[in-house]
Structure formats: C-alpha cells, structure tokens
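Asks:
Numbering (the numbering used here), first residue to last: 481 to 1113.
1) Can you say whether residue 488 is buried or exposed, counting buried as having 16 or more other CB atoms within 10 angstroms of its CB?
2) Express the C-alpha separation of residue 764 and residue 751 in angstroms, rounding to a whole number.
3) Does the distance from the C-beta atom of residue 636 to that of residue 606 stay below 9 Å?
4) Can you give the Cα-Cα distance for residue 967 and residue 926, rounded to whole angstroms?
5) In whole angstroms, what is the alpha-carbon distance linking residue 854 and residue 1056?
6) Thinking C-alpha only, which one of 1084, 1097, 494, 1061 is nearest residue 780?
7) Determine the burial state of residue 1107: buried for a count of at least 16 other Cβ atoms within 10 Å of its Cβ, exposed for fewer.
8) Cα-Cα, which of 662, 1099, 1042 is closest to residue 567?
9) Drop a sphere of 10 angstroms on the beta-carbon of residue 514, count the other beta-carbons inside from all chains shown, and report buried for 16 or more, exposed for fewer.
10) Suppose contacts are defined by Cβ-Cβ distances below 9 Å. Is residue 570 in contact with residue 813 by that definition?
11) I need the DSSP call for residue 898, collapsed to helix, strand or coil.
12) Under a CB-based cut-off of 9 Å, is residue 1044 close to chain B?
13) Would you mind reading off the limits of the beta strand (DSSP E) that contains residue 552?
14) Taking residue 634 and residue 575 to be in contact with their CB atoms under 8 Å, please state how far apart those CB atoms are, rounded to whole angstroms.
15) For residue 797, which residues of its own chain have a beta-carbon under 7 Å away from its beta-carbon, when the five flanking residues on both sides are left out?
16) Identify, in the order they occur along the chain, each residue of the same chain with its Cβ nearer than 8 Å to the Cβ of residue 929, setting aside the five sequence neighbours on each side.
17) So for residue 1034, helix, strand or coil by DSSP?
18) Touch check for the segment 1087-1097 and the segment 849-865: three-plus C-beta pairs under 8 Å?
19) When we look at the beta-carbon of residue 935 and count the other beta-carbons within 10 Å, is it buried (16 or more) or exposed?
20) Three-state secondary structure (DSSP) at residue 1014?
21) My parser needs the alpha helix (DSSP H) runs of 4 or more residues fully inside the segment 862-920; what are they?
22) Can you name the residues that DSSP bridges to residue 1074?
23) Between which residues of its own chain and residue 933 is the CB-CB distance below 6 Å, once the five residues before and five after are set aside?
24) Is it buried or exposed for residue 896, if we count other Cβ within 10 angstroms and need 16 for buried?
25) How far does the beta strand (DSSP E) with residue 498 in it extend, from its first residue to its last?
26) When we look at the beta-carbon of residue 666 and count the other beta-carbons within 10 Å, is it buried (16 or more) or exposed?
27) Considering only residues of the same chain and omitting the five flanking positions on each side of residue 793, which have a CB-CB separation below 7 Å?
28) Indicate whether the contact test is met: 3 or more Cβ pairs, each with one atom in the segment 489-500 and one in the segment 588-597, closer than 8 Å.
29) Is the Cβ-Cβ distance between residue 644 and residue 674 less than 9 Å?
30) Alpha carbon to alpha carbon, how far is residue 858 from residue 1046?
31) Enumerated in chain order, which unbroken segments of the alpha helix (DSSP H) with a length of 4 residues or greater are wholly contained in the segment 640-704?
32) Which residue's Cα is closest to the Cα of residue 1091: 500, 517, 573?
33) Do you know offhand how far residue 910's Cα is from residue 995's?
34) Note down, one range per segment and in chain order, each beta strand (DSSP E) of at least 3 residues found wholly within the segment 571-611.
35) Is residue 715 helix, strand or coil when you go by DSSP?
36) Tell me whether residue 1093 sits in a helix, a strand or coil according to DSSP, three-state version.
Here it is, written out as structure tokens:
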C-alpha cells in the first residue's frame, strides 16, 4: 500500500503518515509564510536561546556509550521530518544493526557499516513548520516505529530554520528533556551542544575529538549565553592536537561562492565563532588571546538538500591527503531534493584566525569534489518533469491548488479589464463582451500592462547597461534578483491580456438572459484558460530560469522524495575519521504493516530496504591537519 492508503491505519499506528510538503500549493505557502513571518518578528523581541541558559548543560562525554567495532560510529542526517516515505525509509536504515552498502566504484565489494552509537540531526527536523503535532507525525513516531530492540544510541539535534518557526518551543519539548525517541536517547537541554567523542593517547598527550554544534537561529547573531557556554565547556578544555567536527545549521561557506553572485560576508558569524572560541582562548583577566592548538577538521551542515563536499587545497596536499579539512553539506534526510549546479567549483575563505578577505595569496582555498548529488544531468532531467503533463511531477499534479490559485488571479485580471473597458466605452459587461471591439481591448491592455512592462524593462536596461556590455545579458540578468520575478509577472500579465482580448473579440450572443450567462461563461473561460495555460507558462519559465531565487523553485516545485541519504562516520582507535556518504536512489513507496516492539502496528517496507550505495569513496580525515600559524600539528 502507498502512503495515502497507509493513512487509514492512523489509529493503529499511533500517528498519521503525512505526504511531503507541497511548497507551491497556495494554502501551504500561506500557512508557512505566516509562521515564518511571525518567527522573524517575535524572535526580534524574545530570543529563546537566551532563555535556555537557565537549563544546566555540560559538554557531554559519550563514555557511557562504549565504542564498538574498533572505534565509534556516528550518523549525521539533516532535513528529515517531511514526507513519510522518505523519512521512514531513512529511519528504517538508521535503525538496522548493520547495512550492506554498494561501493562507489564498480567491481568493489560491498561495504559493511554497523549501526551507529550516536545520531546527530543537523537541523530542520520537521517540515513545513514546527509544531508538536508535526513533530509527532513527521519525525518522533516514525523514528520510534522504525526502532529495533537493543541498547539505545545517543541522539543530539541541532535546530534549523523550520524548527524555529514556533520559537523553538516544540523542539525543546522533543529533544531537550532527555526523553527517548524509540531506540535513541536524547541528551541535551539546549539547542546547541558540545560532546567529547574520543580520548586518544598519543605521545603521552591525550588528544580528543570534539563535536560542536552551533545554533544560528534563522541566520541571526550568536547570542551571548551560547558563547559563554562554549567558552566554559569547550574553549578552556581544548588542547594542542584536539580535532573538532563543527556542525552548523546552514552551510554558509557555500554562500560565499554561490553562483552567480557569492556573498563574501555570509560566513562571517561562523568564522568569528571559530576564531574566538575554537582556535583561540582569551584570558578573562588580561584579555590576551592564545592559540588553543586545536584544529577544525570537518564542518558539517544540512539546510541545502543536496550532497556537496569541499576539500582544502594545500601546497603540501595530494588528492587524497587525510590532513585536508573537509566541508560537507548533506541535507538528504527526507525533505525535497534540491540542486547543486549553482555551487562554485572553488571557495576562497579567510585564513585561519581572520574573517577578513586579505591578500589573495593568504586565503584558504577549497575545491568542490567531483561527486555532487544530484548531478547536473539528473537535475536537468528532473526539471523537465515540471512541464510534462504525463509525469507525476507535473507542476499542478505535485502542487495541489496551484492552478486553482492562478486561475483565480486570471479571473481577477479579466474582471478588472472588463471593468475598465466598460468604464471607457459606457457598455455594460454583456454589451462589452458582445461588442467584438478588440481594438479598444488591445488599447486598454497596452496602456495598463504592456506600457508599464516596457517602462520597467527600459529602467532595468538603464541601470544595468554597463553590466550588459561587460558581462553579457545572461550574467547581468542573473545578478539582478528582481529580473526573474518581474518576468514571471510580465508573462502572466501578457497571458491575461491575450485572454481578455480574445474573449472580447469572440462573437458572443446578446440574447441569453440579458447577457449575464455570457459574462458567466467568459469568466469560466478566463479562469480555466488562465489556470491551464498560465501553469504551463510558469512551469516552462521555471525550467529555463537561470540560478537564483526563481531558479531554486524548480526543485522545490518537484517535491522530489527519492535520492535520500546520510553520513555514517567511523572514528577509529588510531584517531582517524572515515566518512561514508550513504544514499538510497529510491525510497520505499510500497508498505505493509507488522507488529512493533511495543506490540503496536508499525509500517514495514513491502520489499525490504531499497539498495544503498556510497556516493563517493570513503573520505579519510586524520586527527592532525597541516601546521597552524602557531605551529601545532
């Protein structure tokens, strides 16, 4: 049975299997938009992170979760609580005692990956907006149902922007009260945390792998209580040779080089935290800063629903040198798949200890790895599904009520133009429709729609003339964020003009119940034509739109649920970290039911777990990186 059929067992399951959010469906847009706006407004007056400081929280030591398989295993998953099929497939995979994963290279044997002792959720644990019911249906109960008997693993969660849409209230109740979620035990009492992962004896100096997760709350500044927590629990305990895995709720490093126009300041807040609280330690008495000697070896994030990895470029580094820093984005935990074609092939970040873009020779360079997901070819193939009426991913099929909403907009435009026409000619609505006076109709739409659009185009050309000459029209269009939205509006207005002119030109009969049946029929035609043709025009516009705010809507509109994955990491006894990017190209869409460990019904994949594979060869990261300015290895 599919997800919709599974909903009939809501009472027996204890939760309702939800479909994936349909982001271009007008009701969904309105509901989520209101919550997002409220979050932005009210969080300016009340920051829940500052209130969290009343709850005690120390840096967690995972010694109570003893290592197995010659080291410690950790899972990282982000952007996960959306549609049931994708979310439950990932939960089912995470809960298995062992996974047999196909190697990245053909001909290599499968890789055996035991279950992890720590699950890190990297943000956006629920969609489309946080609430207790949404968490229960989309995350907590599915993960509980997927759990198997056995010792509980640890669970740490970092909030993302969707978790903040209710002010973090539901997140705190789910993750910050040391409750169990099936086979996972929550540990934290705040939205941010730090944990010691391993202690290693090397040359009589004890080295530690740290996991540090920073809550950036809708992209705002880092609050003082959070900084005080990290200063007390992390900064003052870091030692030379310690290695840090830094989790952020958004991969701000990507934004510094995102095409067409990167934001060089996007990573400033994260860089400030790294420099002042991880790489440097300030003496409160003297104000002097000294290097901690620790190094950030891996940065992890979700938020962007793709897989991408940037590796440090260094004059001493070979292609697979384990000393290189790694910057990974893996937001494949359950939400719609998004594109990666906009990523820059290389990032330039400030040098260690600085957040200023200084001399180019001193900048740190990171190269985009060859493997990204989805690939450009996969993206293009998916984009065309939006404009294919025979595809399940055709825009109106995937986003209920979108065409209806667009039809209502075209009806409003038609009635507005009819009103103007009647005011100019003195005709009633029925007389206007039966007049066949398309000349007046063309004059009205030219004056009301075409002329303003031409003026807007000329103003844009005047402002961007130099850019058009220097960089070409496409590059200039990409660099102006208003071009694509205005083009969408312009195309729909031109369509509304064509519909109005065509209906005026038709030879309507005037003797049908005083002509009002004519008006009703014309209104129906305007609505249906606007909905059908307008949707196709919008879908084709999305397909051909360049990178930017509108271009990103391609994958949002698809709500593509397949292609889901996570990172499984192995901290070996020798201090080496090995990262395995695991993906299921298809998620489960066919379900049976069976008993759970609590003697309650639970969903079961009808044909078992889909095949899993590694996106690329395992990534090896040594505990020691290249020499820091302080000389620490």
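From the three backbone atoms N, C-alpha and C, an ideal C-beta is built for every residue, glycine too.
Replies: Per the coordinate set shown:
1) By the neighbour-count criterion, in which 16 or more other beta carbons inside 10 Å mark a residue as buried, residue 488 falls on the exposed side.
2) About 21 Å.
3) One thing to note: residue 636 has its Cβ no nearer than 9 Å to the Cβ of residue 606.
4) Cα to Cα, residue 967 sits roughly 17 Å from residue 926.
5) Each residue's CA atom was taken as its position, placing residue 854 and residue 1056 some 28 Å apart.
6) Distances from the alpha-carbon of residue 780 to those of 1084, 1097, 494, 1061 put 1061 closest.
7) Around the C-beta of residue 1107, fewer than 16 other C-beta atoms lie within 10 Å, and the residue is accordingly described as exposed.
8) Residue 567 has its Cα closest to that of 1042, out of 662, 1099, 1042.
9) Flag for residue 514 reads exposed.
10) Cβ atoms of residue 570 and residue 813: closer than 9 Å.
11) Three-state result, residue 898: helix.
12) Any reference to chain B falls outside this structure, which holds one protein chain only.
13) Start and end: 551-557.
14) The pair is not a contact, with the Cβ atoms about 14 Å apart (cut-off 8 Å).
15) Same-chain partners within the cutoff: 803, 804.
16) Hits under 8 Å: 973, 974, 976, 977.
17) DSSP, reduced to helix, strand and coil, places residue 1034 within a helical segment of the structure shown.
18) With contact defined as three or more Cβ pairs closer than 8 Å, the segment 1087-1097 and the segment 849-865 are in contact.
19) Residue 935 comes out exposed.
20) Helix, per DSSP.
21) Whole alpha helix (DSSP H) segments, 4+ residues: 875-878, 882-905, 909-915.
22) Its beta-bridge partners are 1082.
23) In the same chain as residue 933, and ignoring 5 residues on each side of it, the C-beta atoms closer than 6 Å to its own belong to 970, in chain order.
24) Residue 896 is exposed by the Cβ-count criterion.
25) Taken as a continuous stretch (DSSP letters only), residue 498 belongs to no beta strand (DSSP E), as it is neither H nor E.
26) Residue 666 is classed as buried because its beta carbon has at least 16 other beta carbons within 10 Å across all chains shown.
27) So the list reads 845, 846, 847, once near-sequence residues are dropped.
28) They do not touch, by the three-pair rule.
29) Not in contact: residue 644 and residue 674 (Cβ atoms no closer than 9 Å).
30) Cα to Cα, residue 858 sits roughly 19 Å from residue 1046.
31) Qualifying alpha helix (DSSP H) stretches, in chain order: 649-655.
32) It is 573 whose Cα lies nearest to the Cα of residue 1091.
33) Straight-line spacing of the CA atoms in residue 910 and residue 995 works out to 5 Å.
34) Here the runs fully enclosed are 578-581, 591-594, 598-601.
35) Of the three classes helix, strand and coil, the one that applies to residue 715 here is helix, per DSSP.
36) Of the three classes helix, strand and coil, the one that applies to residue 1093 here is strand, per DSSP.
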